[in-house]
Structures are given as structure tokens and as C-alpha cells.
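Protein chains in written order, with the working numbering: chain A, -2 to 482; chain B, 32 to 409.
For each residue, glycine too, the CB sits at the ideal point set by N, CA and C.
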């Protein structure tokens, strides 16, 4: 059957859509649901019977659109049968759309706001009873919670030191995770170690959870020679193949379609793994976000989108970034399931991500999970956020929404113990930083490596020209009497 | 008019379809000794196959054949893009979905940046995605993904991850009536991007060999197909596994007096110009097809120009900042003392592709011969 003939059949008998590769629907069920939706929209009571409803529709619409099929229907049949006999045309772009004579906007503000899932309140009190928590699938084991907490503390300590190191001129750039530790570490803990992670740039907590050491972080930030990228990228642009953590790029949202492609690869391999993709609410304004959502939904890729909605894209507040209900609400438009959770509640993040991960793996379809949080630090070391937000605002969130404090209270860790842990981490980070600074840098002639799999002739020539230049400069005495580099 | 109709009409209305003659050859009286339905200078082509295991194909069939071999020989090869499932608007993926299944050959939503980004993710997971961009003119939405992501994936990770095996295929160039948005030659943008390889075949044989090799490369490749030749160019193409190495130019016509350098559809123009320059003026032109623009085969060109002392570079893309500028710069550096005249460029003008003036816009054989005479009389 030609596609044209097949389409023709679908238009007149939309319930045989399966022939066209779409979802098969039952006319009866579908008509019934349309009937009940219309009735509730009109506020009609039970007295409005099926036959009268169809009759009214018939009366109102027949004069407007006298279809040949309807006119040809025998007058003796009941209104229901007449209506059923009418051949409504349903278009391929929205095959399930019922027809209505009621002109009504789909009002954005009338769409219910998605609630944020949480298990701990601001004071660190568990909102479930012990029995409920025990019964909750995916509730983290005590050991996992303790490890999440200690990782969040370590992340906090490392961020503070490396931020200060940039201020002292020891590294060129840094980005902190202050106030977002739960969103990053909680989600990392809920993922499997071999899930492919595509990060934006503020997700060093995922690497910390997966075993990236303070030395690894410091080596990357210092551009040490024995770090995989050997100083080819700015600090915080981490990447580790053995940890399934794809290298960070500064360009926003470009990693989202990559995660979709990787997820498709995992699906083709029938691997019991997913791709997890982090991005911020600002990045979700980029075209790549839209492309990736649409590809993930239509190509049915096992990818978990993790949006850190921290309220700011550098200086632009969320209120100037989008007009809808955050990012999670957009998922429905792509035909994708979504969740929203309190991103500063590590337990909620863990449970939500574990549950979403299982769903992605089971259905082999994407899920969008939005974590509501707050960027406690500046955007980066190149930013001064006091120019666009008040210190009172920052203090408010740091005081009432600090995820580390919340988990500390929940775990009943005393402050003295945390101070000791922080001091221990501080020493280790400072040692690592000192070692990284002392490490040799990549020799300049090696910078040509990794542009291509093998050095092509023109790059060999260019490398030789650099070598010759360096030799000429070295042979030439400088005015001060020492050879110039 | 849908894209499909537009693409079909581009093929249909091209004068070459009726006769099988390349469009460029129809602009002028047909040269007596250059039959159209024969691979050009097959005897000079080292990669030309023996006739026993070949099949008569035009360029789009050769492209399809290359992808079929790739899908057959490597389970990691995937083919996708807009309208790819039913065979593609230029029919290059015809029959592949039926043969290799809907999971390996599939449609994507209409988003070039999505296609490129999706392909990058697949390549980073050791797949070999062959993604189609419907027209090279529509590669620009994918520009960020190509330049910032695909090209740099290896370098930024220190070789841990890379996009080797990724091929972005796109039809490029003049077609007779494509106007601004169905005629562009964007190769210079991509040649300026370290980490990519840029490949342009000239006929069905090179299309198959270069595409199959591009899919097997460990670096991402931008593969531009001369759409004017999809149906016009016909040749005996090897049926099975057949590759042409990247980064190697080919001397299609040896000559003593002047070197003509080009690639893609322009090679036909240069061959025709060489033929007529020989007949009309007794000028002996050497014609070189670069085939790979990044990295390009400088050695073959330099060796030729040192012999001939004269060189013309020709491409459809606008002249300023075009690939001809790079070739000219390298020649003056490497062949300075051998040059009898400045390197000349016969290229498109620095303007949007003008619909009704296409014949005047393109670097036709007339213009090439004119420049050959100027170079010889310098």
C-alpha cells in the first residue's frame, strides 16, 4: 500500500493508525473519553446523557460543516449512530485531538504548578515516619547517607580552598558548588558508577563521588602534565573516561544532545546503563536543550535529564529566563515524564534520581528531573554577584537552605566532628594543590597532540616551525644577556 | 512546496538529467572526445576498479552503496537524518532501512544542531554515526556543535573521548536553480576548524571510496557531495568494499604548462577547460583534484607547480577567504622561485548565490580558460 493510500485510510479511519506507524487507538474508548471530557468542561451533570450530548453536537456542527458522509447517513438512525457514522477527519499532527465547539485557550496559568518532592524540611526533620521511610523504595541506606554527607563536606572544603587559590593567583579560574552540594552529590550517589555522565561545569561533586581525588582536581586546575587533558582546557573542565564522565566544555547546553546520542548507543548495546545529563535552568534556554528533548522523546533514549534550577544564569534571574513553571513543566510538551524535587534535600534528590533512573532503564525512555536549588557562590571567579543580588538574599538561603546543614542535623552529627573532618580535608586539598603546582607542564611541542588521531602533515610542519622558532630564539642573546623563551 | 518536492525538482529540472551530461559540460558545445557516460580519466585513477566487479552507478547510488557496505561490515555504523528513513530527498539512503532495520537507519526530528549533537554523543560512545544534513546550506544551525564540540572533543579530553567515525554528509554547490539556500559551498568554514577532516568527491567512484574511508577514519569528517552530479555523473563503481585514502590528491590529467587545482564538481569544469585550452590554444594543462581539503595534499600540488610554474585554483565558493587563498599562499611559499606568474583564483564572487545569474556567477570553463590564457601571457 502506498503511503498516500495508507494516510488516506488513516484520515478516514483514524483508529487504524497503527498501519501508519503510530499508536493504535480504540474508537470506542477514545469517543467515550472525549464525551466525558466535554461533559466535565461544560460542567454538565449526569442528566446530560450520551445520546443527548451527541445530538447537541450533531445539531450545532451539522450546519457549520455539512460533510458528505453525514448528509448521506439515513435519517432514521439515532443521533449516536449518526454521529458515529460521520467520518471525522483527524490530522496526523495531533491524531488524538477531539473536536469541540467551545473556543477556549489552554491557559498557561491554569496549568497546575508541579510540586517539589522533599523528605527533609529546612530544619533537617524527616517528614516521614520511620516506618514510612523504611517502606519507601530507594530510601538510602544509613551508610549511603553518611557517605553523601561526608562527600558534600569535602566538596565544600575543596571549593573554598580552590576558590581562594584563584583569588591568590595560584589557578586561573574556578567555580564553586556552594548551596548545591545536595543536588550534585545526591544525584551522583543515586546513579550507578558506570552511567555515562554529561556535566555542565558545576558538577565536580559527581567526580568526587566516583573517586576522583583531590590530587586529580588540583592537577586539572593547575594544568599539570600528567593530567589527561594536560592543561589544554581551563580549570574545572574535568573529564575521565574510566569514570564515564565526559569532558566538560564551556559552551552551554551542547552536552544535552550528546547525552541523547550516548543514550541511544547504550540502548543499541542493550547495556543496563543510562546517560545522565546535567544542565542549569539558563542552559535550558539554548536551542540544544530543545533539540535534545525532542530527539530523546522521539528516538526513545534512556537518558535522565538533571536540571539544576539554581535561580541564576550568571546575573540573569530565573524570572527573566523563562515564563513557565520552571523547566520540569516543559517535559510534557515533549511527551516526556518529569519530576521536580527540592534540590537542597539530599534524601529527596537521592530517592527521586534512583526512582527516575529505574524508570528510564525500565521504559528505555527519557525523564526530566528538575532540582530546585540556589547558587550560593558567585557564578565563577570572574563574577561578583553582589552587583546584581543582595547579600541579604544570599545569607537567607545559606542560613535556611544549606543542604550540608540539613543533612548534618538529620544525621545528628555534632559540629565538632564536622570541624575535624573539614580540617582533615583542608590539609589534604592544600597538600594536593601544592603538589599540583610543583608538577611540570606539558612541553610546548606536545601541544599538537590530540588534535587528530594521528598528526597530519600540516601539523607536523607547524610543530617543526615552532621548534625552529624556539631554537632561533634560544640561540639569540637577549638584551638582558639571557636567552628568551 | 515541501523540502522533498524542492529537492526532487532540483534533480528533475537540472538539464543533465535528460542526457546524463554533467551540467557543466552542457553549458558549452560537447567536446568530441569526452563521452559523458564514462568515468573521467579512469586510466589515470589508481583507485579505479577492474571492470569485473563493478556496477554502473550514478553518484547518489555510489553514496548509498558506501553506506550499505559500512552498515554491513560494522555493527557500530548508524545512518540518520531528516527524511533518511524513506530514502532521503536525494535518494542516497534508499533501501537501507529495509535492509538494516529501523534502529540503524532512521529519521530524526528537523533540527540540524540536534543531528550533529546526537551524532557527537554516539561517536563518543564508539559508534560510527553517518548523519545527513539535507543541504550544506543548512549546516549553519549545527555550526556550534561541529566547531566547538565535534572538532574539539578529542583535544579537550586529552584523547580520552573523541568523535572519530562521525561523518556529516551534505549536498553542496550549484545545481542550476538553487538560489541562495540550495547552492552554497561552505567548505572554507570547516577547513578553518582544527580537528575536522573535510572531504569532497568528484564522481561516483571517489564518492564511494572516500565516504567509506571517512566512516572508518578515527577523526570526524565533513563530507560534501556535489549535488549537481548526483544523477549526472555515472561510472563503473566497485560493488563491494572499496576505499580511497583521505589526504591524497590525484593528478587527473598530466600537463606541462599550467596546474589547475580544484575539487568536487569543479573538477569537471577544470577538465573541460583543460581539454579546450589544449584544442584551441595548444596549452597543456595539468589538472589536480584535491579530494580532501583538510588535511590537503600539498606535496602533489607543490610538485606540480614547481614543474609547470603556473597555477590556477578554482572553486564555486566565494573567493575571499576561500580555500583557494590557502592553496595560493602555500604555493607562493613553497614554489616562489619556480613561479612564472602569480597564482590566480577562479572562484565564486563575494556575494550571495544569485538565482537567475547563476551561469555568470559560477567559475565556468570559459572563465577558467580566460584565466589560463592570461596566466600564459603574463
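Here the C-alpha atom of residue 395 of chain A lies approximately 26 Å from the C-alpha atom of residue 249 of chain A. With a threshold of 16 other beta carbon atoms within 10 Å, residue 104 of chain B falls short and is exposed. Put simply, the CB of residue 196 of chain B is far from chain A, with every gap to its CB atoms at 8 Å or more. If you compare the alpha carbons of B/173, B/166, B/146 and B/167 with that of residue 160 of chain B, the shortest gap goes to B/146.
With a 10 Å radius around the Cβ and a threshold of 16 neighbouring Cβ atoms, residue 86 of chain A comes out exposed.
Setting aside the 5 residues that flank it on each side, residue 436 of chain A is surrounded in the same chain by 216, 219, 221, 222 and 223, each with a C-beta closer than 8 Å to its C-beta; the list follows chain order. Bounds of any beta strand (DSSP E) do not take in residue 442 of chain A, whose DSSP letter is neither H nor E.
Residues of the region 253 to 272 of chain A that bring their beta carbon within less than 9 Å of a beta carbon in chain B comprise 253, 254, 255, 256, 257, 258, 259, 260, 261, 262, 263, 264, 265, 266 and 272, in sequence order. Proximity of the region 93 to 101 of chain B to the region 260 to 279 of chain B meets the contact definition, three or more beta-carbon pairs being nearer than 8 Å. Cβ neighbours of residue 375 of chain A within its own chain (closer than 7 Å, five residues either side excluded): 381 and 382. With contacts defined by Cβ atoms closer than 8 Å, residue 184 of chain B and residue 109 of chain B do not form a contacting pair. A distance below 6 Å between beta-carbons, with the five flanking residues on each side excluded, links residue 422 of chain A to the following residues of its chain, in chain order: 151 and 154. Annotation for residue 397 of chain A: no beta strand (DSSP E) segment contains it, though the alpha helix (DSSP H) segment containing it runs 388 to 397. Leaving aside the five residues that flank residue 244 of chain A on each side, the residues in its chain whose CB is nearer than 8 Å to its CB run, in chain order, 226, 230, 234, 235 and 236.
Cβ atoms of residue 319 of chain B and residue 345 of chain B stay farther apart than 8 Å, at about 11 Å. In the displayed model, residue 368 of chain A falls within a strand according to three-state DSSP. Cα atoms of residue 121 of chain A and residue 409 of chain A: separation of roughly 9 Å, rounded to the nearest angstrom.
Those residues of the region 226 to 249 of chain A placed with their C-beta closer than 8 Å to a C-beta in chain B are 226, 227, 229, 230, 234, 236, 237, 238, 243, 244, 246 and 248, ordered along the chain.
Residue 170 of chain B is positioned such that its CB atom lies closer than 8 Å to that of residue 201 of chain B.
Runs of alpha helix (DSSP H) with 4 or more residues, each lying fully within the region 156 to 208 of chain A, are found at 184 to 187 and 201 to 207, listed in chain order. Around the beta carbon of residue 408 of chain B, a 10 Å sphere encloses fewer than 16 other beta carbons of the protein chains shown; the residue is thus reported as exposed.
Using a CB distance below 9 Å, the part of the region 453 to 475 of chain A facing chain B consists of 453, 454, 455, 456 and 458, ordered along the chain. For the region 99 to 120 of chain A, the beta-carbon criterion of a distance under 7 Å to any beta-carbon of chain B is satisfied by none of its residues. Residue 241 of chain A: not part of any alpha helix (DSSP H); DSSP gives it neither H nor E. Residue 204 of chain B and residue 280 of chain A have their C-alpha atoms spaced approximately 35 Å apart. The secondary-structure analysis by DSSP pairs residue 293 of chain B across a beta bridge with B/320.
At a cut-off of 8 Å between beta carbons, residue 291 of chain A contacts chain B. The DSSP-derived three-state label of residue 138 of chain B is strand. As for any beta strand (DSSP E) of minimum length 3 sitting wholly inside the region 208 to 290 of chain A, the runs are 272 to 277, ordered along the chain. Taking 8 Å as the upper bound for CB-CB distance, residue 260 of chain B and residue 284 of chain B are not in contact here, some 18 Å apart.
In the displayed model, residue 449 of chain A falls within coil according to three-state DSSP, outside both helix and strand. When CB distances to chain A are screened at a threshold of 8 Å, not a single residue of the region 337 to 366 of chain B falls below it.
Residue environment: residue 368 of chain B is assigned as exposed (fewer than 16 neighbouring CB atoms within 10 Å of its CB, all protein chains considered).
Residue A/404 holds the alpha-carbon nearest to the alpha-carbon of residue 142 of chain A among A/404, A/466 and A/426.
If you look at residue 203 of chain B, you'll find it in the beta strand (DSSP E) that goes 198 to 203. Within the same chain, 296 and 298 come within 7 Å of residue 261 of chain A by CB-CB distance, once the 5 residues on both sides are set aside.
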